[in-house]
Amino acid sequence: MHFHRPSRFTLSPRSMSLRSMALVSTVTLAMIGAANAEALLLVEAETGKVLQAENATYPWYPASVTKLMTAYVTLKAVKEGRITLDTLFSVSPTAASQSPSKMGFRPGTQVTVDNALKMMLVKSANDMAVVLAEGVGGSIDGFSALMNQNAQRLGMTQTSYVNPNGLPADGQITSARDLAILARAIIKDLPEYEYFVHIPSIRYGRRITQNFNKLIGRYPGADGFKTGFICAAGYNLVASATRNGKRLIAVVLGASSGQARAVKAIQLLDRGFSNDQLSWLKPSLGTVDALAPIDASPPDLRDEMCNGKRHRPASDEDQDTTAANGGAAGTSPALAFFATGQAPALKPSELLAAAPAASEPIPVYTGPTRSGPALIAAVAADVAADDAAAAARRHGKKTRHAGKRPPEAGADDATAKSASSKQAKHASAKPDAKTADKPAAGDKAAKPKAAAKPGKPKNSDAKNS
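The sequence shown begins at 110 in our numbering and counts up one residue at a time.
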């Protein structure tokens, strides 16, 4: 069940003001609730003309699409000469303590603005967002103030920021309308740095991370921007594509999965590029800036996205995006498009199932800007450090579990010790088939109450990318 749209037959946009439509939408939303909530918006990048809008001015939790404003503020500072892409920032304890997705660097590690931006926008690294915020704004609060100043200047009237990465916070709010405005500002104000929002993949050490925006390298003409997910928001995506000199921006908020948000964005873009299907809407919906905001609280999708059926809620860090950069040349729809100039007639799911267009991952690394042999040495050093850390983790696990049979999920330490003790006691005895799985009476009596199981927060909102 989705948010209700006014019927084109009974509530024609041509006969209603935008404010009246917003009032009707608000009443309907209050009646239906937030179950399977979704906001969709499609606009022309150059003119801001709205081609399709559903709940586009309803407040929403942005999740990691917040990082688009973090990038915007940072790159404006670069463009104005206050910092450079080579400026070094240090990882603070606050940055290192951020929840995944993150690079996981130790406090004191230095990273250039250039590398931090790439890690933040491709891997959606929450720690790198804080590194940039503290480096540019002096603190998270100081940088959030800069984010809000820029949002106000751009006309993002429904947006407020309290952190640079989009991790859960009550005051972190936006809308599809405001995100489209921000995407247009990135295109217009920072054309020389726009490549940051459509990097296909990065390599740190031995790890290759594909862009979480699955349209990049798969959907013909895709050239931006960013994904996001927290339990309360659902799966969000700001995407753009260009064909025959026409660029469109699609915003999808509250989709049920990473796959669903990509499919919906492709459907929006396909309709926009078809020219005819939505032509009757164009004169009536005006421009994105003119869309009337709705005064309401953001829908909270936590129960739907991260309920008991999803014991480990999916995040943007999908397995296929962290696999090695793959796909044989010629199998990608994007390659066919670039070779012929014609978009292949494939369903969205077929486009997304294909391997991304082959590309060489961009190396990212710690320390100052390097080139030539120095860059090769820096990358090799990060590979060695990454391998050493992985080996230490493996060794730690082996030491902790040596000689033990891993307890079942949820078993406490006392249960594990009891199981180990029984194995040692009966190591040389042939178990009775009737009693082999039964605990000894003494074990049962001595078993204490299970301790609270440590772990991640109940709703797993900490994962954000």
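Yeah, the Cβ is synthetic: ideal placement off N, Cα and C, and Gly gets one too.
In this text, all values refer to a predicted model and were calculated from it rather than measured experimentally.
- With a threshold of 16 other CB atoms inside 10 Å of the CB of proline 482, please say whether the residue is buried or exposed. For the purposes of this step, residue 482 is taken as the residue at position 373 of the sequence shown. The residue is exposed, with fewer than 16 neighbouring Cβ atoms inside 10 Å.
- Please confirm whether serine 406 and proline 168 have their CB atoms less than 8 angstroms apart. As a first step, residue 406 must be located in the sequence shown, where it is residue number 297. As a first step, residue 168 must be located in the sequence shown, where it is residue number 59. Taking 8 angstroms as the Cβ cut-off, serine 406 and proline 168 qualify as a contacting pair.
- Query: Whose C-alpha, out of Ser208, Asp195 and Asn272, is nearest the C-alpha of threonine 175?
  - Reply: As a working note, residue 175 is residue 66 in the sequence shown. Checked all of Ser208, Asp195 and Asn272; the closest Cα to threonine 175 is Asn272.
- Task: Could you check the C-alpha separation between leucine 288 and leucine 263 for me, to the nearest Å?
- Result: To locate residue 288, count along the sequence shown from 1; it is residue 179. To locate residue 263, count along the sequence shown from 1; it is residue 154. Cα-Cα distance, rounded: 11 angstroms.
- Message: Taking its Cβ as the centre, do 16 or more other Cβ atoms sit within 10 Å of methionine 110, making it buried, or is it exposed?
- Response: Indexing the sequence shown from 1 puts residue 110 at position 1. Low per-residue confidence applies at methionine 110: pLDDT is 40, beneath 50, and the placement is therefore not dependable, though the value from the model is reported in the following sentence. Under this definition methionine 110 is an exposed residue.
- Check glycine 251 in the structure and name its three-state DSSP category. Residue 251 sits at position 142 when you count from the first residue of the sequence shown. DSSP places glycine 251 in helix when its eight states are reduced to three.
- What span of residues does the alpha helix (DSSP H) with glutamine 376 cover, start to end? For the purposes of this step, residue 376 is taken as residue 267 along the sequence shown, with counting starting at 1. Start and end: 367-383.
- Query: Relative to the C-alpha of glycine 190, which residue among Phe338, Gly157, Gln207 and Val245 is closest?
  - Reply: Counting from one through the sequence shown, the residue named residue 190 turns up at place 81. For the residues Phe338, Gly157, Gln207 and Val245, the minimum Cα distance to glycine 190 belongs to Val245.
- Mind checking aspartate 236: buried by the 16 CB within 10 Å criterion, or exposed? As a position in the sequence shown, residue 236 is number 127, starting the count at 1. Label assigned to aspartate 236: buried.
- Assuming alanine 57 and tyrosine 270 make a contact with CB atoms under 8 angstroms, what is their CB distance in whole Å? Because residue 57 is not part of the residues shown, which for the chain are 110 to 574, the question remains open.
- Message: Please report the distance separating the alpha-carbon of isoleucine 358 from that of glutamine 376.
- Response: Reading the sequence shown from its first residue, position 249 is the one you call residue 358. Reading the sequence shown from its first residue, position 267 is the one you call residue 376. Spanning the two alpha carbons is a distance of roughly 12 angstroms.
- Task: Assuming threonine 336 contacts serine 173 (C-beta within less than 8 angstroms), just tell me the rounded distance between them.
- Result: As a first step, residue 336 must be located in the sequence shown, where it is residue number 227. As a first step, residue 173 must be located in the sequence shown, where it is residue number 64. Contact flag correct, Cβ pair sits at about 6 angstroms.
- Message: By alpha-carbon positions, which one of Asn164, Ala205, Asp223 and Ser199 ends up nearest to proline 402?
- Response: Counting from 1 along the sequence shown, the entry for residue 402 is found at position 293. For proline 402, the nearest C-alpha among the options comes from Asn164.
- Message: Using 8 angstroms as the threshold, is the C-beta distance between alanine 466 and glycine 326 below it?
- Response: On the sequence shown, position 357 is the one that residue 466 refers to. On the sequence shown, position 217 is the one that residue 326 refers to. Yes; because the gap between Cβ atoms is below 8 angstroms, this pair is in contact.
- Task: Classify aspartate 491 as buried or exposed, calling it buried when 16 or more other Cβ atoms lie within 10 Å of its own Cβ.
- Result: The residue given as residue 491 occupies position 382 in the sequence shown. So aspartate 491 ends up on the buried side.
- Message: Checking 8 angstroms against the spacing of the C-beta atoms, do threonine 179 and methionine 229 come in under that value?
- Response: Start at 1 with the first residue of the sequence shown, and residue 179 comes out as number 70. Start at 1 with the first residue of the sequence shown, and residue 229 comes out as number 120. Yes, the Cβ-Cβ distance between threonine 179 and methionine 229 is below 8 angstroms.
- Message: My assumption, with CB atoms under 8 angstroms, is that isoleucine 249 sits in contact with threonine 268. Please give the rounded CB distance.
- Response: The residue labelled residue 249 in the question sits at position 140 within the sequence shown. The residue labelled residue 268 in the question sits at position 159 within the sequence shown. Between threonine 268 and isoleucine 249 the Cβ distance is about 17 angstroms, and since that is not below 8 angstroms, they are no contact.
- Message: Rounding to the nearest angstrom, what Cα-Cα distance links glutamate 413 and alanine 205 in this structure?
- Response: Here residue 413 is taken as the residue at index 304 of the sequence shown, counted from 1. Here residue 205 is taken as the residue at index 96 of the sequence shown, counted from 1. C-alpha separation (whole angstroms): 30 angstroms.
- Per DSSP, tyrosine 313 forms a beta bridge with which residues? By 1-based counting over the sequence shown, the position of residue 313 is 204. Arg316, per the DSSP bridge assignment.
- Message: Please report the distance separating the alpha-carbon of alanine 143 from that of alanine 497.
- Response: In the sequence shown, residue 143 corresponds to position 34, counting from 1. In the sequence shown, residue 497 corresponds to position 388, counting from 1. Per-residue confidence for alanine 143 stands at a pLDDT of 46, beneath the threshold of 50, marking its modelled position as unreliable; no derived number is given.
- Reference alanine 399; option with closest CA among Ala148, Arg503, Gly363 and Lys158: To locate residue 399, count along the sequence shown from 1; it is residue 290. With distances taken between Cα atoms, alanine 399 lies closest to Lys158.
- Task: Just mark serine 480 as buried or exposed, buried being the case when its beta carbon has 16 or more other beta carbons within 10 Å.
- Result: Here residue 480 refers to the residue found at position 371 when the sequence shown is read from its first residue. The residue in question, serine 480, is exposed, as its Cβ has fewer than 16 Cβ neighbours within 10 Å.
- Task: Please confirm if the region 192-206 is in contact with the region 219-233, defined as three or more CB-CB distances below 8 angstroms between the two stretches.
- Result: yes
- Message: I'd like the span of the beta strand (DSSP E) that includes glycine 213, first residue to last.
- Response: By 1-based counting over the sequence shown, the position of residue 213 is 104. Where glycine 213 is concerned, there is no enclosing beta strand (DSSP E), given that its DSSP letter is neither H nor E.
- Mark glutamine 258 as exposed unless 16 or more other C-beta atoms lie within 10 angstroms of its C-beta, in which case mark it buried. For the purposes of this step, residue 258 is identified with residue 149 of the sequence shown, where counting begins at 1. Under this definition glutamine 258 is an exposed residue.
- If alanine 348 and alanine 331 are in contact, beta carbons under 8 angstroms, what's the gap, nearest whole angstrom? Your numbering for residue 348 matches position 239 in the sequence shown. Your numbering for residue 331 matches position 222 in the sequence shown. Yes, they are in contact, since the Cβ atoms of alanine 348 and alanine 331 sit about 7 angstroms apart, within 8 angstroms.
- Task: Would you list, in sequence order, the uninterrupted alpha helix (DSSP H) runs of no fewer than 4 residues that lie entirely inside the region 276-343?
- Result: 285-298
- Task: Answer with buried or exposed for glycine 505, where buried requires no fewer than 16 other C-beta atoms within 10 angstroms of its C-beta.
- Result: Here residue 505 refers to the residue found at position 396 of the sequence shown. Under this definition glycine 505 is an exposed residue.
- Query: When DSSP builds the beta bridges, which residues end up paired with isoleucine 471?
  - Reply: Within the sequence shown, numbered from 1, the residue matching residue 471 stands at position 362. In DSSP, isoleucine 471 forms a bridge with Ile311.
- Message: Under DSSP, the alpha helix (DSSP H) around serine 458 begins and ends at which residues?
- Response: Looking up residue 458 in the sequence shown gives position 349. Looking at the DSSP string, the run of the alpha helix (DSSP H) that includes serine 458 is 457-462.
- Task: Could you spell out the range, first to last residue, of the beta strand (DSSP E) harbouring valine 361?
- Result: Here residue 361 corresponds to residue number 252 of the sequence shown, with the count starting at 1. Element bounds for valine 361: 355-364.
- Terminal residues of the continuous alpha helix (DSSP H) containing leucine 241? Here residue 241 refers to the residue found at position 132 when the sequence shown is read from its first residue. Per DSSP, leucine 241 belongs to the alpha helix (DSSP H) from 235-246.
- Whole-angstrom distance between valine 372 and alanine 462, CA atom to CA atom: As a working mapping, residue 462 is identified with position 353 in the sequence shown. As a working mapping, residue 372 is identified with position 263 in the sequence shown. About 11 angstroms.
- Helix, strand or coil: how does DSSP classify glutamine 147 here? Against the sequence shown, residue 147 aligns to sequence position 38. The sequence shown places glutamate at residue 147, not glutamine. Residue state, collapsed to three classes: coil.
- Can the beta-carbon of leucine 291 be found less than 8 angstroms from the beta-carbon of leucine 150? Position 182 of the sequence shown, counted from the start, is the residue given in the question as residue 291. Position 41 of the sequence shown, counted from the start, is the residue given in the question as residue 150. No, Cβ-Cβ distance for leucine 291 and leucine 150 is not below 8 angstroms.
- Message: Suppose contacts are defined by Cβ-Cβ distances below 8 angstroms. Is valine 306 in contact with methionine 256 by that definition?
- Response: On the sequence shown, residue 306 is found 197 positions in, with the first residue counted as 1. On the sequence shown, residue 256 is found 147 positions in, with the first residue counted as 1. The answer is no: Cβ separation not under 8 angstroms.
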